[in-house]
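Contents: one structure, followed by commentary.
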Amino acid sequence: MSLISLPTPDYYDYTWSAIASVTVEDRFAIITWADGVELRAFDLWLRENAVDAGGVDLSTREHLIDPADLNESIRVDKAIVTGDGALEVRFAPDDAVAMYHPGWLRHVADGNFRTESWLPELEPWDAASLPTPSTYDGSTILDNEEIFHDWLTDLVRYGLVRLENCPLDENFTYDLVSRLGAIRDTNFGPVWDVRADIELAGAADTNSTANTNLRLGPHTDLPTRETPPGFQFLHCVRNEAQGGNSTMADGAAVVAALEAEHPEHYEALTTLNWVFANRGPGIDHRWTGPFIDLGVDGSPLTLRAFYPVRGFPDMAPEDMPRAYAAMRCFSQMADSDRFKISSPFRPGDLVGFDNRRVLHGRDAFESGGHRHLRGTYIDHDEVRSSMRVANRRRSLT
Ligand SMILES: [Fe+2]
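Residues in the sequence shown are numbered consecutively from 712, following the numbering used here.
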């Protein structure tokens, strides 16, 4: 076996990044590269990742050793750098020998195993820094890898991106978004319609404010779920209505401004809980959480900002006045010219946005006409996975 094809604990390709030296100190192998980068590799972690010493299954590239069997007596007995710059480790007490791809070790040293790696850095924006969404040509996106990659990068970075000149095919949203992974289905179906016929506005045969001609204030969809859909896409296939501009505001920027300028409101919105509920025949979706849900450290921001389904304050009565005052402040900021941008929906336009970060809304329709959007959701996991795969591949070319 040539060293270049040395198997790794995963299926990725790694640039061969020869190790300069290795020493063993206490329970760590100290691995160093010529540019000074160092990795302190713990003995039991090395053993778990020993592809050729029983740590990793070659067919699945998943770990094999139950923690209960990770013998406390396992030690790195000897570690050397091979002539090609790979790492070779002999373990005590069983004399098992394992080889490690130096490129795989280097990706660990560089932190590229972390959740945020291979993803663009998130960039908060306001109406001054992003007056219009980044816009790409939708007519060729399904066939043009460069456009698709740039569109995807901006979707993750800004949480908002737009296509124009998309086909008016009602399946286009599905065809595009399903390239990123599994569609997030909901009780509205995998792909749903936002359809308003002005003659029917206000009629009772709709289960959503979206299907009327009413204004929709800045909001995020489905806060009634434990994990609301990560991204939302809306494709305009027909629009004869006047007005009804699409509005967007970056919730990440609004939250940062709120924390700096109104810390008491920030505290209220990040700690006081509400019960959100989707009520309808045959469904009873509920989730309890704060308006600004920060999750655990490292979680993406989740704004639970949709007044039509914000059901009940789940807090002490004395907290309710400050809860409402804080929401009023947040919502006024999100709806202000400082943060909100507005664009018309033309047939062939498709907007994609981070449904947990970006607050979307719609102006009221001012006069008659048909308006038909096709929408779908997909979770953050799928979009980020696609982005990592694409950026990893590009790093090798
Ligand atoms: Fe919505």
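All C-beta atoms in this analysis are idealised placements derived from N, C-alpha and C, irrespective of residue type, glycine included. The model shown is predicted, which means the values in this text are computed figures rather than measured ones.
Check this for me: beta carbons of proline 831 and methionine 1098, under 9 Å apart or not? Mapped onto the sequence shown, residue 831 falls at position 120. Mapped onto the sequence shown, residue 1098 falls at position 387. Cβ distance < 9 Å, so proline 831 and methionine 1098 count as in contact.
Candidates Arg990, Pro1024, Gly1009 and Ile994: closest to serine 1000 by CA position: Along the sequence shown, one-based indexing puts residue 1000 at 289. The amino acid occupying residue 1000 in the given sequence is glycine; serine does not appear at that position. Checking every option, the nearest Cα to that of glycine 1000 belongs to Pro1024.
With a Cβ-Cβ cutoff of 9 Å, do leucine 1070 and histidine 930 count as a contact? In the sequence shown, counting from the first residue as 1, residue 1070 sits at position 359. In the sequence shown, counting from the first residue as 1, residue 930 sits at position 219. Yes, the pair counts as a contact, with Cβ atoms nearer than the cut-off.
If you follow the beta strand (DSSP E) that arginine 997 is part of, which residue opens it and which one closes it? Counting from 1 along the sequence shown, the entry for residue 997 is found at position 286. Looking at the DSSP string, the run of the beta strand (DSSP E) that includes arginine 997 is 994 to 1001.
Boundaries of the beta strand (DSSP E) in which methionine 1031 is found, first to last residue: Taking the first residue of the sequence shown as 1, we reach residue 1031 at position 320. It is not in any beta strand (DSSP E) - methionine 1031 instead sits in the alpha helix (DSSP H) that spans 1031 to 1045.
Does the distance from the CB of arginine 1057 to the CB of cysteine 947 come in under 9 Å? Counting from 1 along the sequence shown, the entry for residue 1057 is found at position 346. Counting from 1 along the sequence shown, the entry for residue 947 is found at position 236. In this structure, cysteine 947 lies closer than 9 Å to arginine 1057 by Cβ.
Evaluate the contact criterion for the segment 1032 to 1044 versus the segment 886 to 904: three or more CB pairs, one atom per stretch, below 8 Å. no
Would you check whether ligand 1 has a heavy atom nearer than 8 Å to the C-beta of alanine 921? Stepping through the sequence shown from its first residue, residue 921 is reached at position 210. Yes, the beta carbon of alanine 921 sits closer than 8 Å to at least one heavy atom of ligand 1.
Excluding sequence positions up to five away, which residues of its chain have a Cβ less than 8 Å from the Cβ of aspartate 721? Here residue 721 refers to the residue found at position 10 when the sequence shown is read from its first residue. Within the same chain, aspartate 721 has close Cβ partners Arg772 and Trp815.
For tryptophan 756, name the three-state secondary structure that DSSP assigns. As a first step, residue 756 must be located in the sequence shown, where it is residue number 45. DSSP places tryptophan 756 in helix when its eight states are reduced to three.
Would DSSP call arginine 906 helix, strand or coil? Here the question's residue 906 lines up with position 195 in the sequence shown. Residue state, collapsed to three classes: strand.
Just to confirm, is the Cβ distance from valine 735 to alanine 790 under 9 Å? Counted from its first residue, the sequence shown places residue 735 at position 24. Counted from its first residue, the sequence shown places residue 790 at position 79. Yes, the Cβ-Cβ distance between valine 735 and alanine 790 is below 9 Å.
Cβ pair count under 8 Å reaching 3, the segment 881 to 892 against the segment 1077 to 1097: yes
Taking the alpha-carbon of proline 934 as reference, which of Ala964, Leu798, Ala731 and Arg990 has the nearest alpha-carbon? The count along the sequence shown starts at 1 and reaches residue 934 at position 223. It is Arg990 whose Cα lies nearest to the Cα of proline 934.
Relative to ligand 1, is the shortest distance from any of its heavy atoms to the C-beta of histidine 930 smaller than 8 Å? Position 219 of the sequence shown, counted from the start, is the residue given in the question as residue 930. Yes, the Cβ of histidine 930 comes within 8 Å of a heavy atom of ligand 1.
Straight-line CA distance for glycine 1059 to arginine 1105? What you label residue 1059 is simply residue 348 of the sequence shown in a count that begins at 1. What you label residue 1105 is simply residue 394 of the sequence shown in a count that begins at 1. Cα to Cα, the separation comes out at about 30 Å.
Check whether aspartate 763 and alanine 809 have beta carbons under 9 Å apart: Position 52 of the sequence shown holds residue 763. Position 98 of the sequence shown holds residue 809. Yes, Cβ-Cβ distance for aspartate 763 and alanine 809 is below 9 Å.
If you measure between the beta carbons of threonine 843 and arginine 873, is that distance less than 9 Å? Counting from one through the sequence shown, the residue named residue 843 turns up at place 132. Counting from one through the sequence shown, the residue named residue 873 turns up at place 162. For threonine 843 and arginine 873, yes; Cβs fall inside 9 Å.
If you draw a straight line from the C-alpha of histidine 1083 to the C-alpha of aspartate 1074, how long is it? By 1-based counting over the sequence shown, the position of residue 1083 is 372. By 1-based counting over the sequence shown, the position of residue 1074 is 363. Distance between the alpha carbons of histidine 1083 and aspartate 1074: 15 Å.
Which residue's Cα is closest to the Cα of alanine 761: Gly747, Leu1005 and Arg801? Translated into positions along the sequence shown, residue 761 becomes position 50. Of the listed residues, the one whose Cα sits closest to alanine 761 is Arg801.
Mind checking valine 1007: buried by the 16 CB within 10 Å criterion, or exposed? If you number the sequence shown from 1, residue 1007 lands on position 296. So valine 1007 counts as exposed.
Sort out for me which residues DSSP pairs threonine 1013 with in a bridge. Here residue 1013 refers to the residue found at position 302 when the sequence shown is read from its first residue. For threonine 1013, which the question treats as bridged, DSSP gives the partners Asp1004.
Count the other CB atoms, across all protein chains shown, that sit within 10 Å of the CB of phenylalanine 753; report buried if there are 16 or more and exposed otherwise. The residue labelled residue 753 in the question sits at position 42 within the sequence shown. Classification of phenylalanine 753: exposed, given that the 10 Å Cβ count is below 16.
Quick one: what does DSSP say glycine 962 is sitting in, helix, strand or coil? Counting from one through the sequence shown, the residue named residue 962 turns up at place 251. Looking at glycine 962 - three-state DSSP - the assignment turns out to be helix.
Take alanine 952 as the anchor and find which of Ala893, Phe944, Pro1055 and Asp1046 has the nearest alpha-carbon. Residue numbering aside, residue 952 sits at position 241 when the sequence shown is read from its first letter. Nearest C-alpha to alanine 952: Pro1055.
Residues in the same chain with beta-carbon distance under 7 Å from glutamate 1093, minus the five sequence neighbours each way, listed in chain order, please. Mapped onto the sequence shown, residue 1093 falls at position 382. So the qualifying residues of the chain are Leu891, Gly892 and Ala893.
What first and last residue would you give for the beta strand (DSSP E) that runs through leucine 1084? Taking the sequence shown and counting its residues from 1, the one referred to as residue 1084 is at position 373. First-last of the beta strand (DSSP E) with leucine 1084: 1081 to 1089.
Give me the DSSP bridge partner(s) of alanine 803. For this step, residue 803 is matched to residue 92 along the sequence shown. Answer is Arg786.
Note down the Cα distance separating alanine 912 from histidine 774, rounded to an integer number of angstroms. Within the sequence shown, the letter at position 201 stands for residue 912. Within the sequence shown, the letter at position 63 stands for residue 774. Residue placement at alanine 912 cannot be trusted, given a pLDDT of 44 that sits under 50; what the coordinates show is reported in the next sentence. Going from the Cα of alanine 912 to the Cα of histidine 774 covers about 57 Å.
Mapping DSSP to helix, strand and coil, what is histidine 812? For the purposes of this step, residue 812 is taken as the residue at position 101 of the sequence shown. Three-state result, histidine 812: coil.
Which stretch, first to last residue, makes up the alpha helix (DSSP H) that contains histidine 973? Mapped onto the sequence shown, residue 973 falls at position 262. That residue, histidine 973, is in no alpha helix (DSSP H); it is neither H nor E in DSSP.
Between serine 850 and the rest of its own chain, which residues show a CB-CB distance below 6 Å, the 5 nearest in sequence each way excluded? The count along the sequence shown starts at 1 and reaches residue 850 at position 139. These residues qualify, in order along the chain: Asn876.
Does leucine 688 pass the burial test, meaning 16 or more other C-beta atoms within 10 Å, or should it be called exposed? The question about residue 688 has no answer, for the chain in this structure spans 712 to 1108.
Is any heavy atom in ligand 1 found nearer than 8 Å to the beta carbon of leucine 927? Reading the sequence shown from its first residue, position 216 is the one you call residue 927. Result yes, Cβ under 8 Å from ligand 1.
In whole angstroms, what separates the C-alpha of glycine 1063 from that of leucine 863? On the sequence shown, position 352 is the one that residue 1063 refers to. On the sequence shown, position 152 is the one that residue 863 refers to. Cα-Cα distance, rounded: 9 Å.
Counting only runs that start and end within the segment 817 to 897, where is the beta strand (DSSP E) found for 3 or more residues in a row? 846 to 848 and 871 to 875
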